[in-house]
Each structure stands twice: as structure tokens, then as C-alpha cells.
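The sequence shown begins at 17 in the working numbering and counts up one residue at a time. Heads up, the beta-carbon is just placed ideally off N, CA and C, and yes, glycines get one too. Remarks on the structure that follows.
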Amino acid sequence: MLMAELWDILDGLQLVWNLSLKKVILETDNIEAIQAIQEVGKEQHDSSVIYSIKELIQHD
């Protein structure tokens, strides 16, 4: 379930980036997904999906 939520977040961020929208509000009710994104770099969440999400969030 966590990976499905993370893929949905990534798809949404890629969509808004492709539409040239720079400021968006990302909402989810999945606390595990939020924690995984915030804790990127820790061994327990070593996922390319999470790294891609983090890149899009930090991208200017």
C-alpha cells in the first residue's frame, strides 16, 4: 500500500512539473508515505521512488 501511495505522489508531482506549475500543495493521509519522504536517505527507505519525489520537491 505504501509503494502505491508513493507512486501516486510521484505521478502527481511529475504532472504538475510538466504543466510548469511551480507551487503546489501536496496532501496525503498516509503517514507512512510522509515519513518515508521526510526520512529519505535512511536505510529503511532506500527507494528510487522516494528519491525521485524528493528531487521534484526540491527542484526549482
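**Report entry** Cβ-Cβ distance between Asn46 and Glu21 below 7 angstroms
**Finding:** In this structure, Glu21 lies closer than 7 angstroms to Asn46 by Cβ.
Query raised in the report: Taking just the CA atoms, how far does His75 sit from Gln51?
Result: 20 angstroms
Report task. Measuring alpha carbon to alpha carbon, tell me which of Met17, Leu29 and Glu55 ends up nearest Ile69. Result -> Leu29
Report task. Classify Met17 as helix, strand or coil using the three-state DSSP reduction. Result -> coil
Query - Euclidean distance between Cα positions of Gln54 and Leu37 - result: Rounded to whole angstroms, Gln54 to Leu37 spans 22 angstroms at the Cα level.
Query raised in the report: Out of curiosity, what's the CA-to-CA distance linking Ala49 and Leu18?
Result: 6 angstroms
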